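Inspection log for the structure reproduced underneath, given as structure tokens.
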Amino acid sequence: GAVVSQHPSWVICKSGTSVKIECRSLDFQATTMFWYRQFPKQSLMLMATSNEGSKATYEQGVEKDKFLINHASLTLSTLTVTSAHPEDSSFYICSARDPGRNTGELFFGEGSRLTVL
Amino acid sequence: AQRVTQPEKLLSVFKGAPVELKCNYSYSGSPELFWYVQYSRQRLQLLLRHISRESIKGFTADLNKGETSFHLKKPFAQEEDSAMYYCALSRSSNTGKLIFGQGTTLQVKP
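Quick mapping for you: the protein sequence lines, in order, are chains S and L. Numbering-wise (the working numbering), the first sequence opens with residue 142 and increments by one. Numbering-wise (the working numbering), the second sequence opens with residue 1304 and increments by one.
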């Protein structure tokens, strides 16, 4: 099956620093990737749609200057949490659809847990 | 606005009992609906989608447009079914954008 991989799987940083999370599609090319955020025991909240070669599309209420998304290649999207604060601590999950499969299925990364001290 | 509602946070049943995880949605158009599952310490993965009308691991789900529901059912629960289940809605399979419900934890007791 299609594989999406995230790195790092967990990161701890100090308040005020920036953290970058990578999302890669390992065996397919993804022109679009999706970034979700999940709070403990809660649902996945769509943050933004990452578009290869163009600007990301952010969901209402998500600060684009806070959560910088770059999709520089067909297999890599990055999410940078800038000037992180404790309230940014969360589980961030990326996903992508394999255009070679016309099923609508999203393949998910293993997630990245961010803890801001 | 699109919304997916899973009213139960936790559903606890004994092995062999029937299971029904509820999902209701609101969307003015013709949605595509999915059930995703997350087993302990594993990533989220697709369980089934309404378009394919398939049965996966004994689970089925029927889209009821009149009741705007897409409940997940299994006649006889197994311990290995214990997991977090998410109902999700997409406006179009072409966009891939999914809106998730709150999730239901299924606990199957021996």
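No residue lacks a Cβ here, since even glycine has one placed at the ideal position from N, Cα and C. These numbers come from a predicted model, not from an experiment.
Item, Value
"Pick out the complete beta strand (DSSP E) segments inside the stretch 179-239 of chain S, 3 residues or longer, and give them in chain order.", "185-192, 208-214, 217-222 and 231-238"
"Please check if any C-beta of chain L sits within less than 8 angstroms of the C-beta of S:G245.", "yes"
"Is L:Q1405 closer than 8 angstroms to S:Q183 when the C-beta atoms are compared?", "yes"
"Counting pairs of Cβ atoms below 8 angstroms between the stretch 199-212 of chain S and the stretch 1308-1319 of chain L, do you hit three or more?", "no"
"Would you mind telling me which residues of chain S sit closer than 9 angstroms to L:S1372, beta carbon to beta carbon, in chain order?", "None at all; the shortest Cβ gap to chain S is about 18 angstroms."
"Quick one: give me the first and last residue of the beta strand (DSSP E) that L:A1320 is part of.", "Premise fails: L:A1320 is in no beta strand (DSSP E) and is neither H nor E."
"What is the DSSP secondary structure of S:E246, reduced to helix, strand or coil?", "coil"
"L:K1400 CB to nearest chain S CB: under 8 angstroms?", "yes"
"Rounded to whole angstroms, how far is the Cβ of S:T221 from the Cβ of S:N192, which I believe are closer than 8 angstroms?", "The Cβ separation is near 16 angstroms, so there is no contact."
"At a Cβ threshold of 8 angstroms, is S:L187 touching chain C?", "The question asks about chain C, but that chain is absent: this structure's protein chains are S and L."
"I'd like to know if L:R1356 contacts chain S, where contact means its C-beta is closer than 8 angstroms to some C-beta of that chain.", "no"
"Can L:K1360 and L:P1321 be called in contact, C-beta distance under 8 angstroms?", "no"
"Strictly below 7 angstroms CB to CB, what residues from chain L border S:E251?", "R1346"
"Check whether the stretch 1335-1344 of chain L and the stretch 216-233 of chain S are in contact - that is, three or more C-beta pairs closer than 8 angstroms.", "no"
"Going by beta carbon distance, what residues of the same chain come within less than 8 angstroms of L:A1391, once the five residues before and after it are set aside?", "V1307, L1336, F1337, W1338, Y1339, L1401, I1402, F1403 and G1404"
"Between the C-alpha atoms of L:K1368 and L:S1331, what's the straight-line distance to the nearest angstrom?", "11 angstroms"
"With DSSP run on the structure shown, which of helix, strand or coil describes L:E1357?", "coil"
"So L:L1366 contacts chain S; which residues on that side make the cut at Cβ distance below 7 angstroms?", "Within 7 angstroms Cβ-Cβ: nothing; L:L1366 doesn't reach chain S, min ~14 angstroms."
"Count the other CB atoms, across all protein chains shown, that sit within 10 Å of the CB of L:A1304; report buried if there are 16 or more and exposed otherwise.", "exposed"
"Three-state secondary structure (DSSP) at S:E163?", "strand"
"From L:S1385 to S:Q179, what distance separates their C-alpha atoms?", "20 angstroms"
"Applying the 10 Å Cβ sphere with the 16-neighbour rule, what's the burial state of S:W113?", "The question about residue 113 of chain S has no answer here: the residues shown for chain S are numbered 142 through 258."
"When the cut-off is 8 angstroms and only beta carbons count, does L:Y1389 lie next to chain S?", "yes"
"Give the DSSP-derived three-state secondary structure of L:E1311 in the structure shown.", "coil"
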